[in-house]
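Enquirer:
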């Protein structure tokens with residue numbers, strides 16, 4: 146009896162190529178999320194350029210988002226003021242079936258009193274900013290002098 150060698154390539158596992166956020170930055174944000182009044186000046190580098198402002202927790206960002214939109218006239222503004230909370234409620238419902246012990250690290254970063262400087266454009270000031278942590282390529286405590 147003769148044996149033949151199988152020369153077909155072995156099946157390979159799928160490879161996820163999504164960039165991973167910095168674990169230390171995720172843990173820092175998670176810590177800030179524990180106290181809704183806390184903030185920390187931070188400078189970030191990301192694909193759009195240099196960004197600096199005060200990092201705030203998700204709940205504080207939602208509250209400031211709602212407060213800023215409530216100052217705008219019209220029913221659409223009131224609807225948008227509740228948008229982040231509506232999204233969070235939907236996410237909580239989707240995750241209700243998942244294991245409650247699974248701790249999730251933050252995937253988003255929220256800043257207030259933001260300055261964005263990139264390339265040849267003049268710096269832009271924004272009251273609030275939200276970005277994907279996986280897009281942050283570097284960070285430093287404090288703001289540029």
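In the numbering used here, the protein residues as written are 146 to 290. In this text, a Cβ means the ideal position worked out from N, Cα and C, and glycines have one as well. These numbers were taken from a predicted model, which means no experiment stands behind them.
What span of residues does the alpha helix (DSSP H) with residue 208 cover, start to end?
Expert: Residue 208: member of the alpha helix (DSSP H) spanning 203-215, first to last residue.
Enquirer: Determine the extent of the beta strand (DSSP E) in which residue 178 is found, giving its start and end residues.
Expert: Here residue 178 belongs to no beta strand (DSSP E); instead the alpha helix (DSSP H) covers 168-179.
Enquirer: Which residue marks the beginning of the beta strand (DSSP E) containing residue 280, and which one marks its end?
Expert: Note, residue 280: premise wrong, no beta strand (DSSP E); not H, not E.
Enquirer: Look at the alpha carbon of residue 261 and the alpha carbon of residue 158, and state the distance between them as a whole number of angstroms.
Expert: Spanning the alpha carbons of residue 261 and residue 158 requires a straight line of approximately 40 Å.
Enquirer: Since residue 171 and residue 251 are thought to touch, with beta carbons under 8 Å apart, how far apart are those beta carbons, to the nearest angstrom?
Expert: Correct: roughly 5 Å between the Cβ atoms.
Enquirer: For residue 271, which three-state DSSP category applies?
Expert: strand
Enquirer: Quick check on this structure: which residue in 276, 277, 230 has the alpha carbon closest to the alpha carbon of residue 207?
Expert: 230
Enquirer: In this structure, does DSSP put residue 246 in helix, strand or coil?
Expert: Residue placement at residue 246 cannot be trusted, given a pLDDT of 44 that sits under 50; what the coordinates show is reported in the next sentence. Looking at residue 246 - three-state DSSP - the assignment turns out to be coil, as it is neither helix nor strand.
Enquirer: Flag this pair as touching only if the stretch 186-198 and the stretch 279-289 have three or more C-beta atom pairs under 8 Å; answer yes or no.
Expert: yes
Enquirer: Please state the DSSP three-state secondary structure of residue 165.
Expert: coil
Enquirer: Which residue marks the beginning of the beta strand (DSSP E) containing residue 183, and which one marks its end?
Expert: Run containing residue 183: none; DSSP gives neither H nor E here.
Enquirer: Whose C-alpha, out of 254, 270, 266, is nearest the C-alpha of residue 205?
Expert: 254
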